[in-house]
Structures are given as C-alpha cells and as structure tokens.
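Notes follow once the structure below has been shown.
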Amino acid sequence: MRTENLIATLSADAKPGLAPARALAYAIAGGAALAAILFFIVLGPRPDFLHAITTIRFDFKFVVTLSLAATALILTLHLMRPDASGNRAILLLVPALLAAAIILELINVPAQDWLARWIGHNSRACMINIPLLSLLPLAAILAALRQGAPTRPGLSGAVAGLLAAGIGATFYAAHCPDDSPLFVATWYTVATAFMAGLGAFLGLRVLRW
Amino acid sequence: MAEANKPEAAAREAQWSAWMRASLTGDTGAYRMLLEALAPVLRHMAKAGLARAGAGNADAEDVVQEILLAIHLKRATWMADQPFTPWLNAIARHKLIDALRRRGRRSEVPVEDLIETLPDKTETAETSPAELSRLVDRLDGKSHAVVRAISLDGASVRDAAAKLGMSEGAVRVALHRGLRKLAVMYREAEA
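Chains as they are written, first to last, in the numbering used here: chain A, 1 to 209; chain B, 1 to 191.
Right under this line is the structure:
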C-alpha cells in the first residue's frame, strides 16, 4: 500500500479517542466504585468505625493510602504519554510519611508493646484483602493505560499497581482493626509490593503498542 | 548548517502543532496535511535509523507506515499545550526501536537528532511496500471490507457506506477497529 493511501485512510478515521487524563479518571472512578461494592459486600467498615475516626492512628492510615494513590496517579498520568517526563521521586513521599510515623510510634509506645503492634491481629487478612480490593481497580487502570502511549510497559504497570493498591488499601483501612504505623508500614507494604509486581507483570504483557 | 536549520525547525514546530490542534477538533484537512508533512521526515529518519543499525533500508517505507499508524492511534496522548516535536520524537523512536528489534537488531538509536535534521525535500516514497497490504488482507469481516475500500479503492467514508450497504457510523467503527488491529498485527509479526 502506498503511504499516501494510508494517510487518506487515517484521515478518514476522525475520532481521536480519549485523552489520557479522561481515560484514567473514568478508570479510577469505575475501579473505585467496584472496589467499594466488593468492600461493603465482603468486609464492611469495622464495628467501632465512628469512634476510630476520632483517633489519629486510624486517620493516619488514610493519609498513607491516599498519598500513595495520589502520587501514583500523578506518575501514571505522565507515563501514559510517550514523552513521559514524570519524576519518580514523588513516590518517596509515602515511605517518608511511614518512616516519620514509625519513629513517633517507637517514641510514644513502650518497647514491650512494639512486637504486638507490629504483628497486629490481622496481618494475613491484610495481605489478602488489599490485593483483592485492588484487582478490579488495577484492571480498569491498565485498560486506561492501553489508551495511552506508555513507552515503559513494566514501570507503567508497576505504578498502576501502586495506584490500585492505594485505592484498595483505602477501603481496607476502614475495615482493618490494626492502626499502628508499625503494622501499616509492614503488612500494607507487603500487599502494595505484591500489587506493584503484579502490575509490572501484566504491564509487560498488555501495555506494549 | 545546523544553525541555519533552527528558525526553520521552529516554524515547522509551530505549523505542525497548529495542524495537530486543528485535527483534534475534527479538521480532517489539517490532519491530512500534517501526516503528509510528517511522512518525508519519518522516511528520512527511518532510513537513517535502519542504516545506523546496519539493517539495509529497503523496507524503510514499512517502518514509516507503522510509525504513521502509531501517531494516528496515539494522537490523543499529545497535550495541546505541549510542543509537538518531542511527542513525535518519542512515538517515532519507540516504533523505530521496535521495528529494529523485530528485524533482529538491537539498537539504541538516538532518534532525536535524526528528526531534528531536515529531510531532503525530494525524498519521496517510490515504493508501495508489501507489509501493510499483507496485514490488511488478514483483517476479517467488516473491518477488512471497509479498510480495503478506503485504502485501496480510495473511497470516502460515505462511498464505502453506500458500497457496502452499511451506515456511515458503522463504517467509522469498522475502520477504527481495523486500524487498531493492524497496529497489533504489526507488533505480532515479531519472529
């Protein structure tokens, strides 16, 4: 086929498709809605939720999970464009928050309680439920990324996994009875790392173009 | 030489991004002019890239067509408030490296400096490369009929709709699907 014929054909296909920001906005709204439904069916908020929201450790979990989602979102938006310019350093915000919270926790809690707070009641549920609540958001976000032009499929998939984990963990945090930063920094991080790995694995397969 | 090219490159960037902005709001004439202006630049780049990687440039036009298709399918990822040339570079570089890999060449081609150089204006496509036609033949159903009618017979969307007994909307959908499939088939041609 001559190139001029191809150009005529491309010109006939007028609609440019969804801009990355819009595709991602739909994906997050849809993914979060599905995660919310799953959350209310399977888990639900913890019984003392109304009391918990008055405690700083409970609220801090949402600072962490929403910061994770926000920083991963900013980076995902960059990675959807071929001339990606995103600065990966923003991903250090969440580890920095956690490190500061761990120090405060270790100062304020007697040493004999450290182990109990670190292990918590619920580490296994945490490591299962966060990925479970993050799976549908991850699928939606990867679908949006396919509309974009990510030139680094593995990295883009990993960051999509972080964003999905940020959404899933936000819901899970409302259910989880363990609030210590020692617990969050360990078990939420394991679950988040799993989602990042899964995202990278899937990204290498579905984000090539 | 490079000095003399600077104002010309700036004028080119302004013209390209103006056409691109117009095309994203539905101006197909501007879009066509943009693609026609990009083709020789991409041709120059593809030839130089293939030559640098030591992979003869006999099938440079295949690479040009694959890049044009990628530009087309990914054009919503260009932000109207950003310069166009870096975006174009990124797409072209990505597809060129991909094309080289499929030809068994690994190359870190610095495409940026390729696209900055102005092409020889007389450098036109003399070939009608086989790869895309072969891929079009592998499409099926409505997409095959529509892409063939428009690309080979030069039909407009309206002509194709009349000829194939489809609505114009259905022709547009089949066309877009067909183009997306073509991009996937290019990639799966990897040996």
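For every residue, glycine included, the Cβ atom is placed at its ideal position computed from N, Cα and C.
Range covered by the alpha helix (DSSP H) that runs through residue i
| i | result |
| --- | --- |
| G56/B | Neither: G56/B is in no alpha helix (DSSP H) and is coded neither H nor E. |
| V190/A | T189 to V206 |
| G31/A | P20 to V42 |
| V173/B | E168 to E188 |
| T76/A | I56 to L79 |
| I103/A | L93 to N108 |
| N89/B | F84 to R102 |
| A12/A | T3 to A12 |
| H51/A | F49 to A52 |
| G193/B | Summary: the structure shown does not reach residue 193/B, with chain B confined to residues 1 through 191, and so no result is reported for it. |
| K15/A | Premise fails: K15/A is in no alpha helix (DSSP H) and is neither H nor E. |
| W118/A | A111 to I119 |
| D137/B | A130 to R138 |
| D159/B | V157 to L164 |
CB contact below 7 Å: residue i versus chain B
| i | result |
| --- | --- |
| P238/A | Since the first residue of chain A shown is 1 and the last is 209, residue 238/A is not available in this structure. |
| P153/A | no |
| I41/A | no |
| G161/A | no |
| R146/A | no |
| I167/A | no |
| M1/A | yes |
| L24/A | no |
| L10/A | yes |
| R81/A | yes |
| I7/A | yes |
| G17/A | yes |
| A140/A | no |
| A111/A | no |
| D13/A | yes |
| A149/A | yes |
Min CB distance residue i to chain A below 7 Å
| i | result |
| --- | --- |
| H144/B | no |
| T25/B | no |
| Q65/B | yes |
| H44/B | no |
| V173/B | no |
| V41/B | no |
| K74/B | yes |
| R158/B | no |
| S133/B | yes |
| A90/B | yes |
| I97/B | no |
| S128/B | yes |
| W19/B | no |
| I186/B | Per the sequence shown, residue 186/B should be read as Tyr rather than Ile. It does not: the Cβ of Y186/B has no partner Cβ on chain A nearer than 7 Å. |
| R32/B | yes |
| S167/B | no |
| W16/B | no |
| A58/B | no |
| T85/B | no |
| L179/B | yes |
| E36/B | yes |
Spatially closest choice to residue i from the options, by CA coordinates
| i | options | result |
| --- | --- | --- |
| G29/B | C126/A, M195/A, L10/A and S180/A | L10/A |
| M20/B | V147/B, K163/B, S133/B and R32/B | R32/B |
| G31/A | L145/A, L136/A and F194/A | L136/A |
| D48/A | A160/A, A173/A, L18/A and L145/A | A173/A |
| A90/B | S85/A, I90/A and V109/A | S85/A |
| V94/A | F62/A, C176/A and V109/A | F62/A |
| A116/A | L92/A, F183/A and R124/A | F183/A |
| A48/B | Q82/B, E36/B, R177/B and V63/B | V63/B |
| Y186/B | S156/B, L68/B and P7/B | L68/B |
| T76/A | A143/A, A99/A and R124/A | A143/A |
| R146/A | E131/B, A70/B, M79/B and L100/B | A70/B |
| V64/A | P82/A, A99/A, R124/A and L79/A | A99/A |
| P45/B | L35/B, A60/B, A37/B and E36/B | In the sequence as presented, Pro is not what sits at residue 45/B; that position holds Met. Closest by alpha carbon: A60/B. |
| R152/A | R81/A, M127/A and T170/A | R81/A |
| P45/A | G199/A, M195/A, A185/A and H175/A | H175/A |
| R22/A | I107/A, L73/A and L132/A | L73/A |
| A162/A | F39/A, T192/A, F60/A and L79/A | Checking the sequence shown, residue 162/A turns out to be Leu, not Ala. Minimum Cα distance to L162/A is reached at T192/A. |
| A139/A | A29/A, T54/A and F60/A | A29/A |
| R208/A | M166/B, S151/B and I97/B | I97/B |
Beta-carbon separation (whole angstroms), residue i vs residue j, contact threshold 8 Å
| i | j | result |
| --- | --- | --- |
| S156/A | G203/A | 5 Å |
| T85/B | E13/B | 5 Å |
| A39/B | I103/A | That belief does not hold up - the Cβ atoms of A39/B and I103/A are roughly 60 Å apart, past 8 Å. |
| A55/B | R103/B | 5 Å |
| P20/A | R75/B | Not really, about 12 Å apart at Cβ, beyond 8 Å. |
| A160/A | I141/A | 4 Å |
* Please go through the segment 3-80 of chain B and give each complete alpha helix (DSSP H) segment of 4 or more residues, from N-terminal end onward. => List check, alpha helix (DSSP H) in window: 28-52 and 60-73.
* **Ordered list of alpha helix (DSSP H) runs contained in the segment 131-196 of chain A, each at least 4 residues** => 153-175
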